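To get the working numbering, take the position in the sequence shown, counting from 1, and add 1160.
A virtual CB, placed ideally from N, CA and C, is assigned to each residue, including glycine.
Just so you know, these numbers come straight off a predicted model, no measurement behind them.
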Amino acid sequence: MGATLGTLAVLKILSEGAASRERLLARLEEEFGIGRDERTLRRYVSALREAGFEIRSHSGKLELVSSPVRLPFDEYEALAALSLLESVAGQEPVYGGHLASAAGKLRRALPEGVLKFVDRGRVEFDLSPASDPPEDPHVIDTLRQAAYRNQRIEMHYYSLSSGESRWRVVEPVRVYHAQRAHRLYAYDPESNEYREFRVNRIGEVKMLPDKFSPEAHTRQLKPARVWLNEKTFAAYGKYVIPDPHATVKPQDDGTAIVEGSVANIFWTVRDIAALGPGARVLGGPELKEEFLQFLRLTLNQYS
């Protein structure tokens, strides 16, 4: 079983991308607890090649080029999946490279006959970006890590109010999604204020070694308690409140009460209002008051 596990582990690692022999041995040890030498690694690779996997050695790295495994897509499933990936890959400025890579892997996993059908009936999909400029997934990942580790960041941010881009050092409290965009809620030591920053306006971000104490920042967050009917809870779950630590209390009738804290009451009110009668604000005080005020003003527009 040890040889089988080692061979499958090598296949898993190479399926994620090319890797040097040194990196393969290190990951076998770190992730699978398999301590082996280069001679044993060569046996694992040889077993995969004998099974039909094409593994190429290039620039000191091993690369999985093709696989004997074929996906059991029917012709129309393959047409839809591959056409979508390939057409969107050419239009998406941030994820395009990842989509193109996924499309290449899908092509290699399809039977030849299905692939011919796909290429004869190719469909083009248009992409309308959700934000302009688009959000950078690497920026979002760095912001989330910094907020989790309580580390300061330096970011190059474009401000709409000043029309300028400049570097800022802030203490990230929370990254959340509201009204179709990711937002950063952070303390700005320069102005001694808590501010919201649109993630798609952050060009670059660097995590600094400086730590900060999160206790004062978390006190700035506002409590929120929301009731959801059965269908709304099934559709949205606890994410109706943009708090990674939100709690859910299921009720006997299939409804649920979600409780947590929010960084921005303004956006939370509008997200909850969009759920209509499927949601009801139970607390906290500021959220409930602003929610009622929003409903009154909206009703006045139609009275």
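Could you check what DSSP says for residue i in three-state terms: helix, strand or coil?
{"i": "Val1170", "result": "helix"}
{"i": "Phe1532", "result": "This structure gives no information on residue 1532, because the portion of the chain shown stretches from 1161 to 1463."}
{"i": "Pro1332", "result": "strand"}
{"i": "Val1205", "result": "helix"}
{"i": "Asp1431", "result": "helix"}
{"i": "Val1225", "result": "strand"}
{"i": "Arg1326", "result": "strand"}
{"i": "Thr1415", "result": "coil"}
{"i": "Ile1425", "result": "helix"}
{"i": "Leu1244", "result": "helix"}
{"i": "Ala1384", "result": "strand"}
{"i": "Pro1410", "result": "strand"}
{"i": "Leu1320", "result": "coil"}
{"i": "Gly1363", "result": "strand"}
Can you tell which of the options has its C-alpha closest to the C-alpha of residue i?
{"i": "Ala1249", "options": "Asp1370, Asn1352, Glu1284", "result": "Glu1284"}
{"i": "Lys1172", "options": "Ala1338, Glu1191, Lys1366", "result": "Glu1191"}
{"i": "Ala1338", "options": "Tyr1204, Pro1410, Ala1434", "result": "Ala1434"}
{"i": "Asp1286", "options": "Glu1314, Pro1297, Glu1252, Ala1260", "result": "Glu1252"}
{"i": "Ala1241", "options": "Ser1219, Leu1208, Arg1216, Arg1282", "result": "Arg1282"}
{"i": "Glu1314", "options": "Pro1271, Lys1366, Val1278", "result": "Lys1366"}
{"i": "Ser1321", "options": "Asp1296, Glu1356, Leu1275, Arg1181", "result": "Glu1356"}
{"i": "Asn1360", "options": "Asp1296, Leu1368, Lys1276", "result": "Asp1296"}
{"i": "Gly1444", "options": "Leu1452, Pro1437, Gly1438", "result": "Leu1452"}
{"i": "Gly1436", "options": "Leu1388, Gln1461, His1405", "result": "Leu1388"}
{"i": "Leu1165", "options": "Pro1332, Leu1188, Arg1181", "result": "Leu1188"}
{"i": "Pro1374", "options": "Ser1325, Arg1312, Trp1427, Glu1350", "result": "Arg1312"}
State yes or no: is the C-beta of residue i within less than 8 Å of the C-beta of residue j?
{"i": "Tyr1318", "j": "Gly1256", "result": "no"}
{"i": "Arg1328", "j": "Arg1343", "result": "no"}
{"i": "Val1429", "j": "Val1418", "result": "no"}
{"i": "Asn1424", "j": "Tyr1347", "result": "no"}
{"i": "Gly1420", "j": "Asp1403", "result": "yes"}
{"i": "His1386", "j": "Arg1440", "result": "Just to set this straight, residue 1386 is Val in the shown sequence, not His. In this structure, Arg1440 lies closer than 8 Å to Val1386 by Cβ."}
{"i": "Glu1198", "j": "Leu1185", "result": "yes"}
{"i": "Ala1263", "j": "Leu1245", "result": "yes"}
{"i": "Lys1382", "j": "Val1330", "result": "no"}
{"i": "Leu1447", "j": "Ala1384", "result": "yes"}
{"i": "Ser1180", "j": "Gly1220", "result": "yes"}
{"i": "Glu1223", "j": "Ala1178", "result": "yes"}
{"i": "Asn1310", "j": "Lys1398", "result": "no"}
{"i": "Ser1226", "j": "Glu1214", "result": "yes"}
Quickly, what does DSSP pair residue i with across the bridge? List them, please.
{"i": "Leu1344", "result": "Val1335, Phe1357"}
{"i": "Gln1305", "result": "In DSSP, Gln1305 forms no bridge with anything."}
{"i": "Gln1311", "result": "Lys1371"}
{"i": "Val1441", "result": "Val1386"}
Does the structure place the stretch 1293 to 1302 close enough to the stretch 1391 to 1402 that three or more beta carbon pairs sit under 8 Å? no
So, do the stretch 1191 to 1204 and the stretch 1229 to 1248 have three or more beta carbon pairs nearer to each other than 8 Å? no
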